[in-house]
Amino acid sequence: MNVPSSIHLPSLKIVDIRGVPFKNIFPINRILIGCPVLEDFSMYLMASVLDRSLKISNPTLLKLQVSCLFCIYDVIQLEIDTPSLKFLDIEATAILDYSLKNLHNVVEARLNMLVDKGPGDHLFHIFKALHEIKYMSISLLTKQTFTKTFDLDLPEFSNLVRLVLTISYYDSKLLVKLLQKCPKLRDLVIQKESFYGDRRLWIDPKSVPKCISSHLIEFSFNGLWIQWLR
660 MNVPSSIHLP
670 SLKIVDIRGV
680 PFKNIFPINR
690 ILIGCPVLED
700 FSMYLMASVL
710 DRSLKISNPT
720 LLKLQVSCLF
730 CIYDVIQLEI
740 DTPSLKFLDI
750 EATAILDYSL
760 KNLHNVVEAR
770 LNMLVDKGPG
780 DHLFHIFKAL
790 HEIKYMSISL
800 LTKQTFTKTF
810 DLDLPEFSNL
820 VRLVLTISYY
830 DSKLLVKLLQ
840 KCPKLRDLVI
850 QKESFYGDRR
860 LWIDPKSVPK
870 CISSHLIEFS
880 FNGLWIQWLR
């Protein structure tokens, strides 16, 4: 698809891009620049449309959905700078380097991270950028992601009231550490992906996170052996 060098759509508020064979990322940037009142931007990209970096910058954007799957490159960079954003949805099997700016207004985020190579601290940077959100859904399905992340000093999610977490058995350290950073959590959903992990690798926590005993109102889980929550 060939996109004009200049785009001007002054009234366009919703853009949904999927299955379009762009040659590189530049047409996407042109669309963002040419839509001065854009509020809702969704894109579903495959390997053939990506260069090694993707920048999404828009001052009016309220909702952003990015799906980046089956990329052939070793390192893909995603930069997001959206000061008005309220909702963020990222599904990625390719992105290993994140630069997230001005996400302090995000209320809800959905993260589906399937990367199993790279430096391993990309999840930490995402958490840091989104630490003020109220609702978060995370699907984390690779061992290296957890191994690197739970050794880092996670930020406190002081406003988070609902957490949906899809993990594997060997993620017990990250699970406990994450819950310890959610002092106001009221609704917790934990799900186990059956094709990952080994129950024998689960390490029982020494104590119950404070949010579990003080603020939690609703809890549901599927496929996990968690004796300390019985």
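Going by my numbering, the first residue of the sequence shown is number 660, and it counts up by one from there. Where a beta carbon is used, it is the ideal one built from N, C-alpha and C, also for glycine. From a predicted model like this one, the values you see are computed outputs, not experimental measurements.
| Asked | Found |
| --- | --- |
| Can you tell me the Cα-Cα spacing of residue 698 and residue 787, whole angstroms? | 24 Å |
| So the candidates are 725, 766, 695; which of them puts its Cα closest to the Cα of residue 701? | 725 |
| Using 8 Å as the threshold, is the C-beta distance between residue 772 and residue 782 below it? | yes |
| Report yes if the C-beta distance between residue 823 and residue 845 is below 8 Å; otherwise report no. | no |
| Using only the alpha-carbon positions, how far apart do residue 784 and residue 812 sit? | 11 Å |
| Among 739, 767, 721, which one has its Cα closest to the Cα of residue 715? | 739 |
| Identify the residues that DSSP records as bridge partners of residue 791: which are they? | Residue 791 is not bridged to any residue. |
| Compute the beta-carbon to beta-carbon distance between residue 797 and residue 825, rounded to the nearest angstrom, for a pair I have assumed lies under 8 Å. | 7 Å |
| When we look at the beta-carbon of residue 765 and count the other beta-carbons within 10 Å, is it buried (16 or more) or exposed? | buried |
| State the start and end residues of the unbroken alpha helix (DSSP H) segment that holds residue 727. | It is not in any alpha helix (DSSP H) - residue 727 instead sits in the beta strand (DSSP E) that spans 722 to 727. |
| Measure the C-alpha to C-alpha separation of residue 751 and residue 770 and round it to an integer number of angstroms. | 8 Å |
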